[in-house]
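Chains as they are written, first to last, in the numbering used here: chain P, 170 to 517; chain D, 7 to 304. We treat Cβ as the ideally placed atom computed from N, Cα and C, and that holds for glycine. Written out below as structure tokens is the structure these notes cover.
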């Protein structure tokens, strides 16, 4: 059987993920992984997933988004809300599956709704509006209270007391306190499966007719429009899929921790920027690179924990130096002169 | 009367945002880059004032003036150095995202250096303005000294900047570089020097904003500049990025909306309302209030 280059490339990407998964399983079963390392495995998968999602938006669609953690936040809260409500009535597997579908569904819905105004803008204006939407989602959730009792659902934007619950009632989303006690349904295996599914979705999209239309819009939207490509439709499509995958990362995040809060650390613009760093260092438009960069850059500050106070300092210096070495026109020219064409990747 | 007080407070906060936004918008207009580290220059400026007035023994007028001047000078030197080491090598890089990520790296670097030197605990910043302020209508309407000074300083800065850009040769060079770097080089303008000057002015403005910000809200930590930095960026975009009067208008609108929504609607939702205003303005007018619409040629 002959396989073309792109299929081979994609198979290598899946192969790397599966191989990494098997390696970690072997290490874990032979007791070579510390409990600290084990705790880092699931975050690694959801950061890889959201990096893939953001790369679809930044690298393939070509629109800079610095609010992607907002979609992750939507996915996390809607799915955790559902899991919390049905914790006693549904069996674990089915419940998580439904929560997963609900999480990505709502993230996609928000991606679609936010995409309508956002995608009319261009460049940095678009970037700042995605940042604004991310912050709005986080702020509103921090002031959002919802609970239920025998009379049904109550919700408020003021305080928990304002819900006016009966004595038998229960608060589900408690404002800045978030959702407490979501069942731990998502482990490392689930994370890897979701990562593989997201990779399949994105890689197949890129190699399809739709994907080529999206990349044509990125390269020159006027030429694309002149060739009869429906620019709005394809932009919306890529943005919505990207939001849905970010939502999937949120589902895994919320089903792996005990207390889910809409904190700046996980869902603020800083978090979105951190994901953007993964995407840029992994290679804009290079999906495999995003996965690898997300894993390495997530682990780097954690592994530097021994250096305690200096770890973020070292991280920031590494970041600056790597950017200059990778992107500065003068350095690139110097590398070409010294090493010939070795080590210079061909630009597509 | 209380409404008037809140309005004036909003005006004062807005003036601080406006000063920061002026720096943002100048750097963006000329270097075409989002300087995410701009907010951290504010923080650096505050720490310089804090340490210098601590060393001299704060309270004396001379000490205060000296510390503010030192902070302005050191901040502009820091701006020039950052531009030279981190941003200049990436000018003309294949992707505009490269310099954006580097700016994020610089922001992390400054925050962590401050964290190492001063620690994570919140320091109490003693105001650089000791004047108590004015009182109107039998003390019903009190305006604090820092509020008045902030508004006056921002107006003076706006007028000076407008004069500088429109009347001096250096200012005209800035406009030319903002318009077209290649053509400006052909006209004999030193692009590198012009960009350096812009960074120096922008960072000096950040130091001034820092002094005013920490005098009004006296809690000093390594992350003090982050949120005002982002809000000022929002203000610059709101007014039309690259436009100096636009940055001023954007800053004032943002400050007033923030204070009024904090008071009358909800303190938790005030940020959401501020960002919501940005979204609405950009949907109606995609290049901001005073932004130029540039028609793309095929």
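According to the DSSP assignment, residue 321/P belongs to no alpha helix (DSSP H) but to the beta strand (DSSP E) extending over 321-325. When 8 Å is used as the limit between beta carbons, residue 404/P is near no residue of chain D, the shortest such separation being about 15 Å. Under the 8 Å criterion on CB atoms, residue 277/D is classed as interfacial with respect to chain P.
Under the three-state reduction of DSSP, residue 288/P is assigned to coil, being neither helix nor strand. Residue environment analysis places residue 95/D among the buried positions, since at least 16 neighbouring C-beta atoms fall within 10 angstroms of its C-beta.
Taking a beta-carbon distance threshold of 8 Å, residue 108/D counts as an interface residue toward chain P. Taken residue by residue, none of the region 167-185 of chain D has a beta-carbon sitting less than 8 Å from a beta-carbon on chain P. A straight-line Cα-Cα distance of about 10 Å links residue 286/D and residue 279/D.
Look at the region 279-300 of chain D: the residues with a C-beta under 8 Å from a C-beta of chain P are 281, 282, 284, 285, 288, 289, 292, 293 and 294.
For residue 225/D, the three-state secondary structure derived from DSSP is strand. Beyond the five residues adjoining it in sequence on each side, residue 51/D comes within less than 7 Å, by CB distance, of 77, 81, 212, 213, 216 and 217 in the same chain, given in chain order. Per DSSP, residue 329/P lies in no alpha helix (DSSP H) and is assigned neither H nor E.
Of the residues assessed, residue 438/P falls on the buried side of the cut-off, its CB having 16 or more other CB atoms within 10 angstroms. Between residue 236/D and chain P, the shortest Cβ-Cβ separation is below 8 Å. Residue 147/D has 142/D as its beta-bridge partners, per DSSP. Put simply, the region 20-35 of chain D touches the region 241-261 of chain D. At least three CB pairs are less than 8 Å apart. By the neighbour-count definition (other C-beta atoms within 10 Å, threshold 16), residue 189/D is an exposed residue.
Chain-ordered, the chain P residues with CB closer than 9 Å to the CB of residue 272/D read 312, 326 and 327. The Cβ atoms of residue 229/P and residue 415/P lie no closer than 8 Å to each other. In its chain, beyond the 5 residues on either side, 444, 447, 448, 451, 459, 460, 462 and 463 have a beta carbon closer than 8 Å to the beta carbon of residue 220/P. With contacts defined as CB atoms closer than 8 Å, residue 296/D and residue 224/D fail to qualify as a contacting pair. Those residues of the region 220-243 of chain P placed with their C-beta closer than 8 Å to a C-beta in chain D are 227 and 233, ordered along the chain. For residue 23/D, the uninterrupted alpha helix (DSSP H) run begins and ends at 8-37, by DSSP.
Here the alpha carbon of residue 435/P sits roughly 7 Å from the alpha carbon of residue 238/P.
Three or more beta-carbon pairs separated by less than 8 Å are not found between the region 13-21 of chain D and the region 40-51 of chain D, which leaves the two stretches without contact. With at least 16 other beta carbons inside 10 angstroms of its own, residue 275/P counts as buried.
Rounded to whole angstroms, residue 328/P and residue 301/P show a C-alpha spacing of 24 Å.
Any Cβ of chain D closer than 8 Å to the Cβ of residue 481/P would place that residue at the interface, and such an atom is present. In this structure, residue 257/D lies near residue 23/D, with their beta-carbon atoms less than 8 Å apart.
For residue 204/D, the three-state secondary structure derived from DSSP is helix.
For residue 48/D, the enclosing alpha helix (DSSP H) begins and ends at 44-62.
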